[in-house]
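>
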Amino acid sequence: EYGTVKAKKFQSVTVLFTDFISFTQHSEQTDAELLVNTIGVYFNAFDDIIEKYGLEKIKTIGDSYMCAGGLPEPLENHATRMVNAAFEFLAFVNEMKTKQKKGKPVFDMRVGINTGPVVAGVVGHDKFSYDIWGDTVNVAARMERMSEGGKITISESTYRLIQDEFDCEYRGEFDVRNKGTMKLYYVIGKRKEKSPAVLSGMQKDGYKG
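Quick note: to get my numbering, add 158 to the position in the sequence shown (first position is 1).
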């Protein structure tokens, strides 16, 4: 056999792409080994974050990181988990800005997320790799390209799954290649909940407002 593909369709998977802004500019101005080592620090941190949320790393492509939730086994709340991971990605990127020594590259990063059906499978004969395909993956990549530094852009399909847990900002309708017009959103942060415990504590302390 020259290749193996064991494919399976998943009806609901959340896919994330990241991309470092001005990476090409950095690559022209920075020592190659230093640049690769620096990217490795970021990607190793991302690996740890997605492991915590039960997400699956698919691959890295240059300075882009790709992961998915909801496979190879179904995962409850995969969209919520992915958005939480995305915020931790961005928090790490911001932390690196303050920690990096002078002369070492630092980056801004944009994130794109989309949810939908995908086909996943193991490909290869010498080096096996787990990969995913489909419209959902393509749209997730476009969400990333249409995002901005330090921000998470999501599609409407992801928005529907996370809107009760996160505050989002409607960006409007955009033309997305091969998909027509799509509604896009920024995820701003977790929704602030009214805490019954806090209110109860106030009452016990005699607080009347």
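Glycine included, every Cβ here is placed at the ideal spot set by N, Cα and C. Just so we're clear, the structure is a prediction, and the values are computed from it rather than from any experiment.
What did DSSP end up calling Ser170 once you bin it into helix, strand or coil?
As a position in the sequence shown, residue 170 is number 12, starting the count at 1. Correct three-state label for Ser170: strand.
> Mapping DSSP to helix, strand and coil, what is Glu327?
Counting from 1 along the sequence shown, the entry for residue 327 is found at position 169. Note: Glu327 maps to strand in three-state DSSP.
> Can you tell me whether DSSP reads Ala165 as helix, strand or coil?
For the purposes of this step, residue 165 is identified with residue 7 of the sequence shown, where counting begins at 1. Ala165 falls in the strand class under three-state DSSP.
> Helix, strand or coil, according to DSSP, for Thr176 in the structure here?
Numbered from its first residue, the sequence shown carries residue 176 at position 18. Of the three classes helix, strand and coil, the one that applies to Thr176 here is strand, per DSSP.
> Got a sec? Which residues, its chain only, sit under 7 Å from Ala298 by beta carbon, not counting five neighbours each side?
Mapped onto the sequence shown, residue 298 falls at position 140. Excluding positions up to five away in sequence, the list reads Val173, Leu174, Phe175, Gly270, Ile271 and Asn272.
> By how many angstroms is the C-alpha of Gly228 removed from the C-alpha of Ile197?
Here residue 197 refers to the residue found at position 39 of the sequence shown. Here residue 228 refers to the residue found at position 70 of the sequence shown. Straight-line Cα distance between these residues: approximately 26 Å.
> For Val277 and Gly292, which I take to be in contact (beta-carbon distance under 8 Å), what is that distance rounded to the nearest angstrom?
Translated into the one-based positions of the sequence shown, residue 277 becomes position 119. Translated into the one-based positions of the sequence shown, residue 292 becomes position 134. Right, their Cβ atoms sit about 5 Å apart.
> In the DSSP assignment, find the unbroken beta strand (DSSP E) run with Asn336 in it and report its ends.
Taking the sequence shown and counting its residues from 1, one reaches residue 336 at position 178. First-last for Asn336: undefined, no H or E at that position.
> Confirm, please, whether the CB-CB distance from Asp177 to Met267 is below 8 Å.
In the sequence shown, the residue the question calls residue 267 occupies position 109. In the sequence shown, the residue the question calls residue 177 occupies position 19. Yes. Within cutoff.
> Which same chain residues end up closer than 7 Å to Ser222 when comparing Cβ atoms and leaving out the 5 residues on each side of it in sequence?
Taking the sequence shown and counting its residues from 1, one reaches residue 222 at position 64. Only Phe175, Thr176 and Asp177 meet the Cβ criterion.
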